[in-house]
Structures are given as structure tokens and as C-alpha cells.
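J.:
Numbering (the working numbering), first residue to last: 192 to 526.
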């Protein structure tokens, strides 16, 4: 029996389908390539974890000495005076401004983004889908400084009478109480952040909705469901984990946005009274650090700002961790 050079007899045994396996088929499995790719993927994952861990360690090491010297309550005080013999600083104002503005942004961006994504994937005609998707992707790539300039020059004059109307009609409610500030209020920053993160939510939600199995949609329509009922029973449940991921990614950007907020925010003077109004000014963690980078003149001052950055780091990490837990539970439930 004739044999091919380099091919063993076992390689010539016919398979279950009656065809003889080729030597190239076994070689095409790429065992070395698989090991190489697996090792590279593992190394990349370990490297990411190591970088995040080192950042956390650096922030903690730099912040702890300043926190030990702090004479005020770090979480409940509004005082920010990290210099001198008795440094005193707290993050209450920064925490309130950051979380509130980001919450406003998500309350606006997520419903609108999901609605736009549904329109592009389920309602828009074919000729419009590609143009709309390209426009959304383009908006997602716009730098934050452009949004900041646009908000400062173009949007602020438009929003000012809207704020005045809300204060006149709902000023009795503490969240909308007048404060005398008509510029970079928390509410205004939240709207600009919503416009900034809206393309992220829309683009990622669109990709997820577009992957809904055709059989699920056609099955719902075949059972007599309307277009909206098909979306509610087939598209939205399938895309819910993706929407959650998109929302958390957008929230992470909103929490850490620096340049746009620095341009727009109206910082409060020392000793200004506390108010729950969304039309009050303030500073976020990122804008406070960016505006006062020149004050990193001694370890105590530097440590105070690093401590504020550490809180932002932990806040972002917790948000992403919660999102991961929600997504994993959703996958386990659907499976």
C-alpha cells in the first residue's frame, strides 16, 4: 500500500464519513498558535489587573498620610483647606455634585439613547439606518472639550430662560429652589453630560439590538404581536444586558469627565450656605483636581487631592462592579 511521505498509517484510516483525513487538517488546528494566543490573552488580562492594582496602591499610599493629618471629617465636611499646620478638607460637596450631575445625565441619556437605538434598528428605513448609525458613531468620537465649548457658548443662553421658568414654577421644591446662579449649575452640567454620553449609549445599544435573533422577532410577529409588542417581548429582553453595559460605561465617563465640567461649572465660594437645589453651583472631583493642580506644592496638599481622586476611583470601580454583577445574573437567568 502506497503511503505519502511524512504521513502515518493512522492518518490514512477513513473517518466516520468515509473520507480520509488530510495531514493538513491536523496541522490547521494551530496548536502552537492556540497556545500563543491563549498565553497572550492571559498576559493581557493579568497586565490589566496589575495596572489597576498598582494605581489603587499608589493612590492609597499617597492619600493615607494626608488623611491622618486631616482635622476635619473627610466624608461629611465641606471645608477645603489642605494647607497650613492644621489641614482640614472634606469631599461632601464634590461627592454631591459629581453623583447628582451624573445621575441627571443618565436619567436623560439612557431612555433617549435606547429610543434612538430602537428607531435605527427597528423603525428606520434601510437607506436611513447607515447614515444615522454613522452620525451616532461620529458624535461618540467628538472630544469632550468641544462639548464644553458648545455648552458654554451655544447652549447656556438657551438654557437660562428654561432654568428661570423652572424656578418660577417649581421653586417651592428644594431641588429646584432658586440660588441666584444662572451659569454652570448642577442641572446644566447634567444636561451637557447627557448629550456627551448619549452617543455611547445609543451606539452600544444599537449594536446589541441589531443582533437580536431574527427567529425571535419573526416568531413574535407570527403569533400576532404588533411591532411594539415584538420589541417589548423579543428585542428589549435580548438587549437588556447590553443596555446595562452601555449605561455603566456612559456613567463612568460622566463621573470622571474633567474638561467640559471645568469649563462649565460655577465654583462656590468658601463659606457659602449648603443647599439641595440642582440650580446651585459646585465642583466635581475631576474639576476640583484639574483647577487646582498648581497647588500640589507639598505632600499634604497633594495627598488631599489624591485622596479625592481615590474616592472617584473607588466610586467608578463600584459602579462597574455592580454592572458586572447585574449582567452576570441576567445571563444566568436567561440561560
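Note that beta-carbon positions come from the ideal geometry of N, C-alpha and C, so glycine has one too.
From which residue to which residue does the alpha helix (DSSP H) around residue 594 run?
T.: This structure gives no information on residue 594, because the portion of the chain shown stretches from 192 to 526.
J.: Which residue spans inside the stretch 371-431 form an unbroken alpha helix (DSSP H) run of at least 4?
T.: Taking only runs of at least 4 residues, the alpha helix (DSSP H) segments lying wholly in the stretch 371-431 are 377-401, 405-413, 418-421.
J.: According to DSSP, residue 488 sits in a beta bridge with which residue or residues?
T.: DSSP output for residue 488 lists no bridge partner at all.
J.: Look at residue 312 and residue 397 and say whether their C-beta atoms are less than 7 Å apart.
T.: Yes, the Cβ-Cβ distance between residue 312 and residue 397 is below 7 Å.
J.: How would you label residue 269, buried or exposed, when you count the other beta carbons within 10 angstroms and need 16 or more for buried?
T.: The residue in question, residue 269, is buried, as its Cβ has 16 or more Cβ neighbours within 10 Å.
J.: Since residue 531 contacts residue 323 with CB under 8 Å, what's their CB separation in whole angstroms?
T.: Examination of residue 531 is not possible in this model, given that the chain is present from 192 through 526 alone.
J.: Is it a yes or a no for the stretch 394-411 touching the stretch 292-311, going by three-plus beta-carbon pairs under 8 Å?
T.: At 8 Å Cβ cutoff, the stretches touch.
J.: For the alpha helix (DSSP H) holding residue 349, just list the boundary residues, first then last.
T.: Here the alpha helix (DSSP H) through residue 349 covers 347-361.
J.: Can you name the residues that DSSP bridges to residue 280?
T.: According to DSSP, which records beta bridges pairwise, residue 280 is partnered with 271.
J.: Grouping DSSP H, G and I as helix and E and B as strand, with all else coil, what is residue 341?
T.: Of the three classes helix, strand and coil, the one that applies to residue 341 here is helix, per DSSP.
J.: Look at the Cβ atom of residue 253, then the Cβ atom of residue 480, and state whether they are nearer than 7 Å.
T.: Not a contact, by the Cβ cut-off of 7 Å.
J.: Which runs of the alpha helix (DSSP H) fall wholly inside the stretch 436-508 and span at least 4 residues, in chain order?
T.: Runs found: 450-455, 476-482.
J.: For residue 265, which of helix, strand or coil comes out of DSSP?
T.: Residue 265: coil per DSSP, three-state reduction.
J.: From which residue to which residue does the alpha helix (DSSP H) around residue 317 run?
T.: Unbroken alpha helix (DSSP H) run through residue 317: 317-331.
J.: Buried or exposed: residue 352, going by 16 or more other Cβ atoms within 10 Å of its Cβ?
T.: Per the 10 Å Cβ criterion, exposed.
J.: In terms of alpha-carbon separation, which member of 429, 441, 342 lies closest to residue 394?
T.: Considering only alpha carbons, the answer is 441.
J.: Mapping the DSSP letters down to three states, classify residue 215 as helix, strand or coil.
T.: A caution first: residue 215 carries a pLDDT of 48, below 50, which makes its placement in the model unreliable, though a value can still be read off. Residue state, collapsed to three classes: helix.
J.: Taking contact to mean 3 or more Cβ pairs, one atom from each stretch, closer than 8 Å, check whether the stretch 462-479 and the stretch 365-381 are in contact.
T.: Output reads yes: the stretch 365-381 touches the stretch 462-479.
J.: With three or more C-beta pairs closer than 8 Å as the rule, is the stretch 237-254 touching the stretch 500-513?
T.: With a cut-off of 8 Å, the stretch 237-254 and the stretch 500-513 count as touching, because enough Cβ pairs lie within range.
J.: What distance in whole Å lies between the Cβ atoms of residue 382 and residue 437, which are believed to be in contact at a cut-off of 8 Å?
T.: Not confirmed; about 19 Å, so no contact.
J.: Does residue 296 come out as helix, strand or coil in the three-state DSSP assignment?
T.: Residue 296 falls in the helix class under three-state DSSP.
J.: Can the beta-carbon of residue 427 be found closer than 7 Å to that of residue 421?
T.: The answer is no: Cβ separation not under 7 Å.
J.: Which residue's Cα is closest to the Cα of residue 338: 262, 230, 453, 326?
T.: The shortest C-alpha separation from residue 338 is found at 453.
J.: So, for residue 232: in the same chain, excluding its five sequence neighbours on each side, which residues have a beta-carbon less than 7 Å away from its beta-carbon?
T.: Excluding positions up to five away in sequence, the list is empty.
J.: Any idea what DSSP makes of residue 369, helix, strand or coil?
T.: Coil, per DSSP.
J.: For residue 492, which residues from the same chain have a beta carbon less than 7 Å from its beta carbon, with the 5 sequence-adjacent residues on both sides left out?
T.: Excluding sequence neighbours, residue 492 sits near 273, 274, 486.
J.: Excluding sequence positions up to five away, which residues of its chain have a Cβ less than 7 Å from the Cβ of residue 507?
T.: For residue 507, where only same-chain residues beyond five positions count, the Cβ hits under 7 Å are 443, 446, 447.
J.: From residue 335 to residue 433, what does the alpha carbon distance come to, in whole angstroms?
T.: Looking at the two C-alpha atoms, the distance is approximately 24 Å.
J.: Would you mind sorting residue 288 into buried or exposed? The rule is 16 or more other CB atoms within 10 Å of its CB.
T.: Classification of residue 288: buried, given that the 10 Å Cβ count is 16 or more.
J.: I believe residue 290 touches residue 375 by the beta-carbon criterion, under 8 Å. Please report the beta-carbon distance rounded to the nearest angstrom.
T.: Contact doesn't hold; Cβ gap of about 17 Å is too wide.
J.: Report yes if the C-beta distance between residue 386 and residue 292 is below 7 Å; otherwise report no.
T.: Not in contact: residue 386 and residue 292 (Cβ atoms no closer than 7 Å).
J.: Cβ of residue 331 within 7 Å of Cβ of residue 439?
T.: No, they are not a contact pair.
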